[in-house]
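Worksheet for the structure shown next.
Numbering (the numbering used here), first residue to last: 11 to 75.
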């Protein structure tokens, strides 16, 4: 996740910062939608089922001759 581009990150157990991000997301729906769309596009590009299967196959080939 690229903070503010494809999603948002907060430190663990920082409830105040999480609340601020949630408030901002609710107050700025257009920006929130744009971030969500970029995040989805990134995930679809980098984490497709086909790519995951290829990586697993490559890994298995290094473990099982």
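Just so it is clear, CB atoms sit at the ideal spot from N, CA and C, and this is done for glycine as well.
What separation, rounded to the nearest whole angstrom, lies between the Cα atoms of residue 67 and residue 55?
Residue numbering aside, residue 67 sits at position 57 when the chain shown is read from its first letter. Residue numbering aside, residue 55 sits at position 45 when the chain shown is read from its first letter. When rounded, the distance between both Cα atoms is 19 Å.
Leaving out the 5 sequence neighbours to the left and right, which residues in its chain are closer than 8 Å to residue 19 when beta-carbon positions are compared?
Position 9 of the chain shown, counted from the start, is the residue given in the question as residue 19. If we look at residue 19 and ignore the five residues flanking it on each side, its Cβ neighbours are 11 and 13.
Using the three-state DSSP reduction, which class does residue 49 fall into: helix, strand or coil?
Here residue 49 is taken as the residue at index 39 of the chain shown, counted from 1. Residue state, collapsed to three classes: helix.
Does the Cβ of residue 72 lie closer than 6 Å to at least one heavy atom of the ligand PLP?
With respect to the ligand PLP, the structure offers nothing, as it holds no ligand at all.
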